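Numbering (the numbering used here), first residue to last: 3 to 235.
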């Protein structure tokens with residue numbers, strides 16, 4: 003086997019990382035838009051507190067975030083026990099837990115990207131739509147949302163890329179179980195801990211770089227396409 007050819011176990015880690023990153027990005031997107039709107043437009047008590055909580059994963063050690071997730075969403079945690087008992091949803095030591103950890107770590111970056119796009123919108127356009135009789139929800143859907151779409155796309159790609167590279171919180175919360183929670187980063191770490199694992203670590207590193215670069219290029223293409231459509235409209 004060529005040193006560039008991935009083994010079945012390595013393909014499993016790549017596939018799992020893509021699945022975890024995709025669902026982490028998709029599940030956090032609605033919350034990201036809502037929180038970005040609150041932070042960009044909201045004027046309420048606790049605004050600074052919410053902003054601090056949202057960005058806390060950026061400044062906390064990832065291991066601390068993973069431990070907090072384990073305390074809250076573990077089988078014996080207050081949230082985890084409730085979800086397990088009433089809905090049969092288990093996060094600890096499952097790939098769904100890896101997706102949750104990745105979503106939490108990537109969430110601040112997604113929110114920041116979308117928030118900057120919302121703050122850049124000319125509010126006079128929204129006011130004009132409102133004066134024509136459109137309700138706030140319709141104004142957001144028809145005016146605000148198309149204008150912030152490039153920021154949403156950028157936020158989604160940044161969140162996906164961050165989730166692909168997440169390690170500390172994930173391994174603390176769901177461990178490093180091959181085929182279940184061993185993502186690309188965890189697999190690379192495992193290779194570095196065994197003699198002769200450098201080739202495997204290098205193969206997965208190349209894969210990670212290719213995926214990240216492809217995601218960034220796709221984001222650029224999509225954002226430019228959306229921007230051109232908005233300008234043409």
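Positions of the beta carbon are idealized from the N, C-alpha and C atoms, including for glycine. Quantities reported herein were computed from a predicted structural model and do not represent experimental measurements.
Supposed contact pair residue j and residue i - C-beta distance, whole angstroms, cut 8 Å
i, j, result
"residue 106", "residue 170", "Not confirmed; about 12 Å, so no contact."
"residue 163", "residue 115", "With 8 Å as the limit, residue 163 and residue 115 do not qualify as a contact, their Cβ atoms being about 12 Å apart."
"residue 120", "residue 38", "6 Å"
"residue 90", "residue 75", "Between residue 75 and residue 90 the Cβ distance is about 14 Å, and since that is not below 8 Å, they are no contact."
"residue 221", "residue 108", "Not quite, the Cβ-Cβ distance comes to about 14 Å (not below 8 Å), so this is no contact."
"residue 70", "residue 52", "The pair is not a contact, with the Cβ atoms about 17 Å apart (cut-off 8 Å)."
Close beta carbons around residue i, own chain, < 7 Å, minus the five adjacent residues each side
i, result
"residue 118", "153"
"residue 23", "104, 162, 165, 166"
"residue 261", "For the chain, the structure presents residues 3 to 235; residue 261 sits outside this window and is missing."
"residue 199", "193"
Cutoff 8 Å; reference residue i; Cβ partners in own chain excluding five residues on either side
i, result
"residue 177", "95, 183"
"residue 188", "15, 169, 172, 173, 178"
"residue 68", "103, 170, 171, 172, 173, 174, 175"
"residue 216", "none"
Buried versus exposed call for residue i [16 or more other C-beta atoms within 10 Å across all chains shown]
i, result
"residue 93", "buried"
"residue 210", "buried"
"residue 59", "buried"
"residue 213", "buried"
"residue 50", "exposed"
"residue 83", "exposed"
"residue 128", "buried"
"residue 219", "exposed"
"residue 139", "exposed"
"residue 46", "exposed"
"residue 144", "exposed"
"residue 146", "buried"
"residue 190", "buried"
"residue 56", "buried"
"residue 134", "exposed"
Option nearest residue i by Cα separation, candidates the options
i, options, result
"residue 8", "218, 204, 82, 196", "204"
"residue 61", "149, 110, 213, 148", "110"
"residue 28", "112, 227, 142", "112"
"residue 97", "194, 57, 186, 208", "186"
"residue 226", "126, 202, 192, 151", "151"
"residue 20", "52, 230, 181", "181"
"residue 35", "71, 142, 135, 88", "142"
"residue 12", "202, 230, 52, 77", "202"
"residue 17", "230, 40, 206, 223", "206"
Spatial neighbours of residue i in its chain, beta-carbon cut-off 6 Å, leaving aside the 5 residues before and after
i, result
"residue 25", "101"
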